[in-house]
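Input: a single structure, listed below in structure tokens.
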Amino acid sequence: MNTGKYVGVTRVFTRYTMASLLATAISQVVLLALYWAWEADAMTASTVAFLVGAVPHFLLIRQWAWGNRGRAGRRAEIVAYVVVTAAGGALSIGITTAVDWLLAPLIDDRGWHAFGLVIAYLASGAPVFLLKFFALDRVFRRNVSNTPSAPTDSQDSETAISALQPNAA
Numbered sequence: 003m004n005t006g007k008y009v010g011v012t013r014v015f016t017r018y019t020m021a022s023l024l025a026t027a028i029s030q031v032v033l034l035a036l037y038w039a040w041e042a043d044a045m046t047a048s049t050v051a052f053l054v055g056a057v058p059h060f061l062l063i064r065q066w067a068w069g070n071r072g073r074a075g076r077r078a079e080i081v082a083y084v085v086v087t088a089a090g091g092a093l094s095i096g097i098t099t100a101v102d103w104l105l106a107p108l109i110d111d112r113g114w115h116a117f118g119l120v121i122a123y124l125a126s127g128a129p130v131f132l133l134k135f136f137a138l139d140r141v142f143r144r145n146v147s148n149t150p151s152a153p154t155d156s157q158d159s160e161t162a163i164s165a166l167q168p169n170a171a
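First residue of the sequence shown? That's 3 in my numbering, and the numbers climb one at a time after it.
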């Protein structure tokens with residue numbers, strides 16, 4: 003059993019999750035501020051919130067979770083991130099906008115209405131979280147493994163040692 007690969011995926015997934023939580027927190031603050039304080043409509047507020055959270059999320063998952071740096075593979079990573087994240091974002095924005103429409107006749111208080119939108123925004127992101135991770139992992143991990151100077155966590159310790167000591171038996 004190759005435990006090095008399991009540890010590597012667990013580390014990447016944990017960091018991806020933490021980056022996602024941070025990006026979600028940023029998005030929620032923006033959503034609340036735009037919708038509740040500035041009285042923007044739900045579609046505008048959720049769209050801006052999504053975009054504001056997407057930028058730090060990309061940077062964190064690329065550099066911290068998968069350990070990718072420099073220009074190598076960056077274009078493919080950006081394209082994959084935009085496609086996968088746009089699909090998830092469209093779902094979140096659509097659900098948040100629909101919930102706004104459903105809540106409008108039920109809740110008059112803008113604060114409680116905003117709270118309902120935050121719950122809808124969070125719930126809409128949950129179903130696609132794992133799908134996004136595995137789709138992005140295919141692109142981001144491939145780019146790491148193609149970089150000869152950066153060993154991946156999927157290498158077991160024997161492979162890493164033998165690569166460093168070519169005369170070792």
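Every residue gets a Cβ at the ideal spot worked out from N, C-alpha and C, and that includes glycine.
Computed from a prediction, not measured in an experiment: that's the story for all the values here.
Residue i, DSSP secondary structure in three states
{"i": "Pro-107", "result": "coil"}
{"i": "Ala-137", "result": "helix"}
{"i": "Val-146", "result": "With a pLDDT of 49 at Val-146, under the threshold of 50, the predicted position of this residue should be treated as unreliable, and no value is reported."}
{"i": "Val-85", "result": "helix"}
{"i": "Val-101", "result": "helix"}
{"i": "Ala-128", "result": "coil"}
First and last residue of the uninterrupted alpha helix (DSSP H) at residue i
{"i": "Leu-62", "result": "44 to 62"}
Residue nearest to residue i in terms of C-alpha spacing, selected from the options
{"i": "Leu-104", "options": "Gly-118, Gly-10 and Ala-78", "result": "Gly-118"}
{"i": "Ala-82", "options": "Val-14, Gly-10, Phe-142 and Ala-100", "result": "Phe-142"}
{"i": "His-59", "options": "Leu-132, Val-11, Ser-29 and Asp-111", "result": "Ser-29"}
{"i": "Thr-99", "options": "Pro-129, Val-50, Leu-62 and Val-130", "result": "Val-50"}
Proximity of residue i and residue j at Cβ, strictly below 7 Å
{"i": "Asn-70", "j": "Arg-64", "result": "yes"}
{"i": "Ser-94", "j": "Gly-127", "result": "yes"}
{"i": "Met-66", "j": "Arg-17", "result": "The displayed chain sequence assigns Trp, not Met, to residue 66. In contact: Trp-66 and Arg-17 (Cβ atoms closer than 7 Å)."}
{"i": "Ile-121", "j": "His-115", "result": "no"}
(message) Measuring CB atoms only, is the stretch 24 to 41 touching the stretch 80 to 87, in the sense that at least three cross pairs come out at less than 8 Å?
(response) No contact exists between the stretch 24 to 41 and the stretch 80 to 87.
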